[in-house]
Structure formats: C-alpha cells, structure tokens
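Worksheet: the structure to be examined is printed underneath.
In my numbering, the protein residues as written are 582 to 857.
Have a look at this one:
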C-alpha cells in the first residue's frame, strides 16, 4: 500500500513537472507546434498604378521567384496615382482580376490605402501578411512627392496596422521609361535582408522594418546604394529629370540628392489611417 502511494506521488510530480515545462515551451505539444515560426514569408502586394500596371507585375514576378514566399495581390482597380493616403467612405468592393502576366489578384474599387483596409480591416485576405510591398511605382516618390504618393500611402496604412511595409518606386529620368527589373533587384535584396525579422513577427517589428525605396533608372553608369537618408523637404535646386549614375558624389544627405546622384535610397515610413 505504501509502495502504491509512493508511485502515485512520483507520477503526480512528473505530471506537474511536465506541465510546467510545457508551459515554458520546453516540451513539444500542440501549443508548442502552434507557436513554431513559419518558414514561409507571406507578402501582400499593392500599388497605386492599378492592378494591371507593369510595375506591380515586376514585383509579383520577383517575389514569387523567391523560395518559401507566398504572394497575395490586392491592388486598385484603376490608376490611382497621386492620391496619397486618401480613403473611401462606406463599403469597399473587390473583384477578381489578374496582373499583366496573369497572376491572380483582387481589384479594389478605391484608393491604394483602401486596398489595405479591405484586405486587413475587412478581412479580405485569409491570412494577415508578414509584409506589405507597395509598388513598383512608375516614377520616383522622393522628398515632397512622397506625401502625394498612393504607393507610399498604402504602405503607411499597413504600417498603422503593425504590419511591416515597403514602398518601392522606379525613377523616370533621362527621358527613359522606368527599368522595373532594376527596382525589383533592390526590392528582393531588401526582403531577403529582413526575412528573419519579418518571420519572427515580434511586437514592434513594423516600426523598425519599413522603408520608402526609390531606385533611379540610369542611362549610363551604375546605380549605387542603397543609402539610408532623410526625406528631402524640397525639389528646388535639383533637376530630378536628370540622373547622374556616372558621377563621384558620395554621402547624399537626402533622398532627393541621392536620386539625382544615382543612388537607390531608403527613407522611413510613418503610420497613417489607423484602424477605426
């Protein structure tokens, strides 16, 4: 009788110990499995040029080529350039669409910021993304232009929801059309550099993991950077229609100076349109 009582005490102690270890995360179980970080990066892609624009198509093609990366597209139905962080009052609607290369998408009848509200606030997408990528925009969004940009507005609306975000723009300069493959290269490099932080999904990640990325299109020479700089306050004194990628200028102080000197630049985003 004493032996059985002693056995019961040992068993009870073991169960108590195991429960404590499981609570601390040292013993595998359902709770531990559920909290195990995913190796698949989920990315929500939007823009302001519209779902059928070439820039968003380049973004989707670049991201879907990455291993363990799931891409969902929710973009404006039509071109919404220059609409900043505007939002639509009332109910948002979305229809099935595709990008230029045929990738499935949802097209929201509204502004770029509306795409984030529909996807996140209205639960238009089944899974909260690890990252929002907005772009690649047709034309640079530097200095005071950034505040007018729907590309930036969408990214900053995501940031207000605690979601890391990257706005990407490809400069129109030297009379050339944007070379979106150059922007896509810098976009992919940023995503890969921050992949572990994005997958960790720690509180406060969004505040540190975001950016407004601008990449020039160079007629000659090579793009340098990216450089982390401040947002320029004016375009006065700069000829943003002419980019010098063959120059020797170094250490730009603003994104405007960086752009004209042939640098890809990164400036910080700031949250807008907080959830209601």
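Backbone N, C-alpha and C define an ideal beta-carbon position, used for all residues, glycine too.
Taking the alpha carbon of residue i as the reference point, which residue from the options has its own alpha carbon closest?
| i | options | result |
| --- | --- | --- |
| residue 813 | 741, 839, 683 | 839 |
| residue 720 | 834, 823, 818, 835 | 823 |
| residue 821 | 804, 841, 731 | 841 |
| residue 845 | 851, 779, 768 | 768 |
| residue 631 | 667, 687, 826, 854 | 687 |
| residue 715 | 740, 705, 679, 708 | 740 |
| residue 826 | 809, 773, 807, 803 | 803 |
| residue 876 | 635, 621, 652, 699 | Given a span of 582 to 857 for the chain in the structure shown, any question on residue 876 remains unanswerable. |
| residue 808 | 789, 709, 831 | 831 |
Which partner residues does residue i have in the DSSP bridge list?
| i | result |
| --- | --- |
| residue 792 | 747 |
| residue 853 | None, per the DSSP bridge assignment. |
| residue 715 | 627, 748 |
| residue 729 | According to DSSP, which records beta bridges pairwise, residue 729 is partnered with nothing at all. |
| residue 621 | DSSP, once it has assigned bridges, lists no residue as partnering residue 621. |
| residue 769 | Looking at the DSSP assignment, residue 769 forms no beta bridge with any residue, so it has no partner. |
| residue 662 | In DSSP, residue 662 forms no bridge with anything. |
| residue 682 | For residue 682, which the question treats as bridged, DSSP gives no partner whatsoever. |
| residue 651 | 623 |
| residue 811 | 835 |
| residue 742 | None; residue 742 has no bridge partner. |
| residue 805 | 844 |
What is the DSSP secondary structure of residue i, counted as helix, strand or coil?
| i | result |
| --- | --- |
| residue 776 | helix |
| residue 677 | strand |
| residue 835 | strand |
| residue 764 | helix |
| residue 689 | strand |
| residue 848 | strand |
| residue 634 | coil |
| residue 724 | helix |
| residue 656 | strand |
| residue 818 | coil |
| residue 703 | coil |
| residue 708 | coil |
| residue 603 | Model confidence at residue 603 stands at a pLDDT of 38, short of 50, so the residue's coordinates are unreliable; what they give is reported in the following sentence. Residue state, collapsed to three classes: helix. |
| residue 784 | coil |
For the putative contact between residue i and residue j, defined by C-beta atoms under 8 Å, what is the C-beta separation to the nearest angstrom?
| i | j | result |
| --- | --- | --- |
| residue 779 | residue 712 | 5 Å |
| residue 644 | residue 668 | That pair is no contact at about 26 Å. |
| residue 833 | residue 810 | 6 Å |
Let me see if you follow: with CB-CB separation under 8 Å, is residue i close to chain B or not?
| i | result |
| --- | --- |
| residue 849 | You won't find chain B in this structure, because it holds only one protein chain. |
Contact the segment 745-765 vs the segment 793-802: 3+ CB pairs below 8 Å: Under the three-pair Cβ rule at 8 Å, the segment 745-765 counts as touching the segment 793-802.
How do the segment 713-730 and the segment 673-687 stand: do at least 3 beta-carbon pairs fall below 8 Å, yes or no? In short, these stretches do not touch, since the Cβ pair count stays below three.
For the 8 Å Cβ check, are there 3 or more pairs between the segment 847-854 and the segment 776-796? At 8 Å Cβ cutoff, the stretches touch.
Taking 8 Å as the cut-off, does the segment 654-663 touch the segment 680-698 (at least 3 CB pairs, one atom from each stretch)? In short, these stretches touch, since the Cβ pair count reaches three.
contact_flag[the segment 661-669, the segment 628-646] where n(CB pairs < 8 Å) is 3 or more: Output reads yes: the segment 628-646 touches the segment 661-669.
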